[in-house]
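Top to bottom, those sequences are chains L and F.
Start counting the first sequence at 19; every next residue gets the next number (my numbering).
Start counting the second sequence at 4; every next residue gets the next number (my numbering).
Backbone N, C-alpha and C define an ideal beta-carbon position, used for all residues, glycine too.
The structure presented is a predicted model; accordingly, all values stated were derived computationally and were not measured.
See structure below.
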Amino acid sequence: MANQQAVTYDLSDSAQNEKIDSSEFEWVGSDTKAMETISRPSISFWKDALSRLKKSKVAMVCIIFLVALILGAVFIPIFCPFNYAQQNVAYSNQPPMWVDNITHNAHIFGTDTLGRDIWVRVWMGARVSLTVAFAVTLIDCLVGCIYGGISGYFGGGIDNVMMRILEIVGGIPYLIIVMLLLVVLPRGLMTIIIAYSITGWTGMARLVRGQVLGIRKQEFMIAAESMGAKPSWVIARHIIPNLVSIIVVNVTLDIPNVIFTEAFLSMLGLGISPPQSSWGILAYDGISVFQVYPTQLLFPALFISLTMLAFNLLGDQMRDAFDPKLRR
Amino acid sequence: MPKQAQYILKRVLYSIITIFVLIFVTFILMHLMPGDPFSGQKALKPEVKAALYAKYGLDQPILVQLLRYIGNIFHGDLGVSLLDKRSVVSIIKTAFPVSAELGIRSLIFAFIMGLLLGIVAAVKRGTAWDTVAMLLALIGVSVPSFIIGALLQYFLGFKLFQATGNQVFTVMGWGPENSKILPSFALAFGSMASISRLMRTSMLDVLNQDYIKTAKAKGLSRSAIVMKHAVRNAITPVVTIMGPLVASVLTGTFVVENIFSIPGLGKYFVQSVQMNDYTTIAGTTLFFGSFLVFANLIVDIIYGLLDPRVKLSGDRE
Numbered sequence: 019m020a021n022q023q024a025v026t027y028d029l030s031d032s033a034q035n036e037k038i039d040s041s042e043f044e045w046v047g048s049d050t051k052a053m054e055t056i057s058r059p060s061i062s063f064w065k066d067a068l069s070r071l072k073k074s075k076v077a078m079v080c081i082i083f084l085v086a087l088i089l090g091a092v093f094i095p096i097f098c099p100f101n102y103a104q105q106n107v108a109y110s111n112q113p114p115m116w117v118d119n120i121t122h123n124a125h126i127f128g129t130d131t132l133g134r135d136i137w138v139r140v141w142m143g144a145r146v147s148l149t150v151a152f153a154v155t156l157i158d159c160l161v162g163c164i165y166g167g168i169s170g171y172f173g174g175g176i177d178n179v180m181m182r183i184l185e186i187v188g189g190i191p192y193l194i195i196v197m198l199l200l201v202v203l204p205r206g207l208m209t210i211i212i213a214y215s216i217t218g219w220t221g222m223a224r225l226v227r228g229q230v231l232g233i234r235k236q237e238f239m240i241a242a243e244s245m246g247a248k249p250s251w252v253i254a255r256h257i258i259p260n261l262v263s264i265i266v267v268n269v270t271l272d273i274p275n276v277i278f279t280e281a282f283l284s285m286l287g288l289g290i291s292p293p294q295s296s297w298g299i300l301a302y303d304g305i306s307v308f309q310v311y312p313t314q315l316l317f318p319a320l321f322i323s324l325t326m327l328a329f330n331l332l333g334d335q336m337r338d339a340f341d342p343k344l345r346r
Numbered sequence: 004m005p006k007q008a009q010y011i012l013k014r015v016l017y018s019i020i021t022i023f024v025l026i027f028v029t030f031i032l033m034h035l036m037p038g039d040p041f042s043g044q045k046a047l048k049p050e051v052k053a054a055l056y057a058k059y060g061l062d063q064p065i066l067v068q069l070l071r072y073i074g075n076i077f078h079g080d081l082g083v084s085l086l087d088k089r090s091v092v093s094i095i096k097t098a099f100p101v102s103a104e105l106g107i108r109s110l111i112f113a114f115i116m117g118l119l120l121g122i123v124a125a126v127k128r129g130t131a132w133d134t135v136a137m138l139l140a141l142i143g144v145s146v147p148s149f150i151i152g153a154l155l156q157y158f159l160g161f162k163l164f165q166a167t168g169n170q171v172f173t174v175m176g177w178g179p180e181n182s183k184i185l186p187s188f189a190l191a192f193g194s195m196a197s198i199s200r201l202m203r204t205s206m207l208d209v210l211n212q213d214y215i216k217t218a219k220a221k222g223l224s225r226s227a228i229v230m231k232h233a234v235r236n237a238i239t240p241v242v243t244i245m246g247p248l249v250a251s252v253l254t255g256t257f258v259v260e261n262i263f264s265i266p267g268l269g270k271y272f273v274q275s276v277q278m279n280d281y282t283t284i285a286g287t288t289l290f291f292g293s294f295l296v297f298a299n300l301i302v303d304i305i306y307g308l309l310d311p312r313v314k315l316s317g318d319r320e
């Protein structure tokens with residue numbers, strides 16, 4: 019009861035003290051044109067994600083590092099005074115920044131047991147490793163998208179059969195298949211790419227299928243289909259744009275795995291064969307002498323680790339930029 | 004329960020099919036290998052060769068050979084190594100326990116350290132603890148096991164020996180306890196990193212749940228909240244990566260066993276691949292493959308039983 023009294027008192031009080039001007043309640047009319055104008059520049063999904071990515075210092079550092087690495091891999095072997103396969107036993111196992119007395123050029127990373135310049139070999143190795151990484155992820159991405167896309171889009175019986183096949187292929191440990199294939203096929207760059215691609219696409223296919231299934235259930239898809247959109251239109255305008263971000267992130271996170279696999283296979287003597295250079299071969303050569311000449315392992319190890327780190331970090335940052343909901 | 008039984012049955016069936024596909028692929032690849040088993044002996048007479056082919060059944064049609072091969076596998080006969088004339092089964096019998104011990108040691112290590120790092124990072128989120136733990140995890144994800152192994156050998160094996168004069172860690176072979184620590188650690192580092200990252204996200208997720216707030220409001224101590232409410236719920240997703248982890252530890256043994264000269268199955272496998280010892284390659288491949296398929300099956304079943312919310316439809320996506 020006391021409360022009610024207080025409320026009535028309050029109301030009467032405000033009515034007495036504040037006189038609200040009735041002009042404030044006048045009808046101002048509705049300007050439909052003004053309501054429809056776009057008051058600020060429209061920001062698409064990509065612009066939004068890119069601006070978020072630009073804000074992240076980590077991502078920028080990674081991008082700069084990776085661009086420098088790619089440029090270095092392309093140009094440094096061309097302009098370096100040494101050849102990656104050129105041996106000179108008299109100059110073997112020299113320390114970094116050592117200047118030889120014939121060409122008077124500095125061996126920035128020193129030389130290896132056969133007197134080859136490690137600097138140019140590391141950059142040649144970068145060529146090989148990055149070529150393998152990009153080629154493999156491209157193939158995996160294409161095959162995975164097509165397979166997963168078909169499976170997820172058509173669903174039903176097709177999906178069931180395709181997923182069972184995928185489950186069986188994915189169940190076979192890929193490294194064992196890769197090594198088996200390397201025994202049968204001639205060793206080299208192409209073989210590694212083929213061998214890895216044969217089993218590597220399953221992860222991407224699974225991801226794309228899951229994503230397509232998710233998109234298909236959403237209202238805008240039902241709307242598009244009920245308005246009579248053809249499958250080609252739906253795929254091109256609605257499904258692919260919604261897939262791109264997740265594919266880009268996944269590819270970025272997949273590249274370090276491929277680099278690792280190449281290094282791993284070359285380490286075991288199954289990958290690229292000498293005198294060709296790759297990071298795995300350099301690490302293998304380095305490990306055999308590293309108790310005496312630790313820098314011969316250090317440089318390739320540093321390149322492998324930093325590259326894998328950069329791709330991993332960039333992938334994480336991109337995931338955050340594309341999907342801020344996931345950020346933790 | 005029948006739904007769970009159905010799920011388990013389905014998983015078992017797929018695993019069996021996968022193993023058969025693996026046997027088939029191995030068999031076909033072995034047939035595609037260059038050369039034939041008797042090309043080593045110089046200039047055999049055609050009739051001798053024919054007799055040898057007949058003895059080993061190589062004159063039969065390929066389908067018969069395949070069936071015979073499968074039959075032999077089920078009799079526990081994987082052939083004889085071309086290198087040292089030992090039976091492949093006996094190689095596996097002596098080498099697998101070594102690899103298994105290495106793998107189990109590193110998995111235990113990876114789990115304990117990974118969970119601890121992940122929990123600490125999540126509980127002390129945003130502090131120096133978090134930064135250090137996640138930095139360690141990033142290094143673990145980015146530095147391959149062979150580099151970790153070589154660095155450990157150099158600093159803890161070689162430099163420490165130089166500095167102190169006594170061999171704290173042996174870096175070659177597999178015998179006394181101090182020879183087992185470094186290889187297990189080198190193998191564990193990558194898995195530790197992925198466990199700690201996953202545990203951190205999972206813990207952060209759980210710590211934001213309402214029941215944690217309830218526990219706080221009840222006045223439970225911080226340690227009780229973390230131990231009784233958070234960790235128990237956060238640990239289930241970690242079980243899902245057990246399958247991939249077992250696989251990565253297994254492939255890791257290929258390299259780590261080579262660097263540390265451990266006479267495990269990984270070393271034999273790599274050696275046989277390098278020396279084109281076809282029967283050993285085929286035998287160890289089948290063994291590794293079936294082992295991994297089996298391990299994945301067990302992980303899937305455990306996960307299905309552990310978390311009743313898991314969809315029992317067969318895909319975990």
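Straight-line Cα distance separating residue j from residue i
i        : j        : result
F:SER316 : F:GLY176 : Since pLDDT at F:SER316 reaches only 45, below the 50 mark, its modelled position is unreliable, and the value read off the structure follows with that caveat. When rounded, the distance between both Cα atoms is 46 angstroms.
F:LEU138 : F:SER90  : 47 angstroms
F:ILE1   : F:PHE188 : Given a span of 4 to 320 for chain F in the structure shown, any question on residue 1 of chain F remains unanswerable.
F:GLY152 : F:PRO186 : 7 angstroms
L:ALA281 : L:PHE329 : 16 angstroms
L:GLY189 : L:GLY162 : 16 angstroms
L:ILE233 : L:LEU89  : 38 angstroms
F:PHE114 : F:ALA298 : 17 angstroms
F:ALA196 : L:ILE136 : 31 angstroms
L:ASP130 : L:VAL307 : 9 angstroms
F:ALA140 : F:VAL83  : 43 angstroms
L:GLY175 : F:SER251 : 33 angstroms
L:PHE127 : L:GLN314 : 8 angstroms
L:HIS256 : L:MET181 : 23 angstroms
Close Cβ partners of residue i (< 7 angstroms) along its chain, the five nearest in sequence each way excluded
i        : result
L:LEU300 : ARG139, VAL140, GLY143 and PRO318
L:VAL150 : LEU207, ILE210, ILE211, VAL276 and GLU280
Buried or exposed (CB count within 10 angstroms, at least 16 for buried), residue i
i        : result
F:THR167 : exposed
F:GLY74  : exposed
L:VAL85  : exposed
F:GLN170 : exposed
L:VAL214 : A quick correction: the sequence has Tyr, not Val, at residue 214 of chain L. Under this definition L:TYR214 is a buried residue.
L:VAL310 : exposed
L:SER250 : exposed
L:GLU54  : exposed
Min CB distance residue i to chain F below 8 angstroms
i        : result
L:GLU3   : Here chain L comprises residues numbered 19 to 346, so residue 3 of chain L is not present and cannot be evaluated.
L:GLN3   : Look at the range of chain L in this structure, 19 to 346, and you will see that residue 3 of chain L is not part of it.
L:ASP341 : no
L:ARG345 : Summary for L:ARG345: the model assigns pLDDT 49, below 50, so the residue's position carries little reliability; its value from the coordinates is reported in the next sentence. No, no contact with chain F.
L:ILE190 : yes
L:LEU84  : no
L:ILE290 : no
Residue-chain proximity (residue i, chain L), Cβ-Cβ < 8 angstroms
i        : result
F:VAL24  : yes
F:THR130 : no
F:PHE27  : no
F:GLY176 : no
F:TYR271 : no
F:THR134 : no
F:GLU320 : Note that F:GLU320 has pLDDT 35, beneath the 50 cutoff, so the model's placement of it is unreliable and no number is given.
F:ALA103 : no
F:THR173 : no
F:GLN212 : no
F:THR217 : no
Same chain, Cβ closer than 6 angstroms to residue i, neighbours up to 5 away in sequence not counted
i        : result
F:MET245 : VAL302
L:CYS80  : ALA328, LEU331 and LEU332
L:ILE96  : none
Close Cβ partners of residue i (< 8 angstroms) along its chain, the five nearest in sequence each way excluded
i       : result
F:ASP62 : ALA53 and TYR56
Neighbour flag for residue i against chain B, beta carbons, 8 angstroms
i        : result
L:ALA281 : No chain B appears in the structure shown, which is made up of the protein chains L and F.
_Residues within the stretch 145-171 of chain F neighbouring chain L, beta-carbon criterion of under 7 angstroms_ = SER145, VAL146, PRO147, PHE149, ILE150, ALA153, TYR157 and PHE161
*Could you list the residues in the stretch 252-266 of chain F with a C-beta less than 8 angstroms from some C-beta on chain L, going in chain order?*
LEU253, THR254, PHE257, VAL258, ASN261 and ILE262
_So if I threshold CB-CB distances at 8 angstroms, which residues from the stretch 193-211 of chain L count as touching chain F?_
LEU193, ILE194, ILE195, MET197, LEU198, LEU199, LEU200, VAL201 and VAL202
_Beta carbons nearer than 9 angstroms to chain L: which residues of the stretch 86-101 of chain F have them?_
none
*What residues in the stretch 287-300 of chain F bring their beta carbon closer than 8 angstroms to a beta carbon of chain L?*
THR288, PHE291, GLY292, LEU295, VAL296 and ASN299
_Contact set between the stretch 311-324 of chain L and chain F, restricted to residues whose Cβ is under 7 angstroms from the partner_ = PRO312, LEU315, ALA319, ILE322 and SER323
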